[in-house]
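Q: When we follow the numbering used here, the leftmost residue of the sequence shown carries the number 2, and every step to the right adds one. The beta carbon of each residue, even a glycine, is placed where N, CA and C say it ideally should be. Supplied in C-alpha cells, the structure appears directly below.
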Amino acid sequence: METLLNAALLSAEPGMERLFNLDFQLLHDAILVAIAVFVLFLVMSYLLFNPARDLLKRRQEKIQSDIDTAEADKTEALSLKAEYESKMKNVDQEAEEILSAARKKALSNEAKIVADAKEEAARIIRQANAEAELERKKAADDMKKEMIEIASLMAGKVVAASIDTTVQNTLVEETLKEVGDQTWLS
C-alpha cells in the first residue's frame, strides 16, 4: 500500500495535491464495501429484522385481540348492567307478586283447614248423636227388661193371689203408674 501511495505522490504534479486519488483500488474497495454492506443487510434482515418484524406483528395482533376482547367485555358488561338495573326496578313488583301469591296460598290453606275442622266437628257430632242413639236404645232395652221383670213379678203375684181379671187389670195399671211416666219418658 505504501508503494501505491508513493506512486500516487510521484505522479502528481507538483503544486497540486489531492485529498484522495480516484484510482482503481479505491473504486474496487468501495464496490466491495457496498457489496459487503448489502450482504450484511440481507443477512441481518434475515436473522434480525424478520424475527423482529414477526415479534412486532404478533404483539400487534395480541394487542388488537385484547382490545377486541375488552370491547366485547365492555359491551357485555353494559348489557348486564342494563339487565340488572331493569331487574332492580322490578324487584319490588316481583316481591309484591310473591307476597300476594303467598297470601292467596295462605288464605286457601286457611279455608281448607277451616273446612276440614268443620267436617271433623260434623263427624264428631254425628258420632256423638249415634252414641246417644245407642245409649237411648240401650236405656229402652234396659227399660224393657225391667218391664219384663215387673210383669213377671206381677204375674207371680196374680198367680199367687189367684184373683180375677178386674183385680189383675187394676194391678197392671197401678204397676204402670208406679214405674210410670218417668221411666217411659227418659
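Of all the beta strand (DSSP E) runs that stay within the bounds of the region 38 to 113, which reach a length of 3 or more residues?
A: Here no run is fully enclosed.
Q: Are the CB atoms of residue 155 and residue 171 nearer to each other than 8 Å?
A: No, the Cβ-Cβ distance between residue 155 and residue 171 is not below 8 Å.
Q: What would DSSP say about residue 30, mapped onto helix, strand or coil?
A: Residue state, collapsed to three classes: helix.
Q: Pick helix, strand or coil for residue 24, following the three-state DSSP scheme.
A: Residue 24: coil per DSSP, three-state reduction.
Q: Whole angstroms is fine: what's the gap from residue 89's alpha carbon to residue 71's?
A: Distance between the alpha carbons of residue 89 and residue 71 is about 26 Å.
Q: Quick check: the Cα distance between residue 122 and residue 133, rounded to an integer number of angstroms?
A: So the alpha carbons of these two residues sit roughly 16 Å apart.
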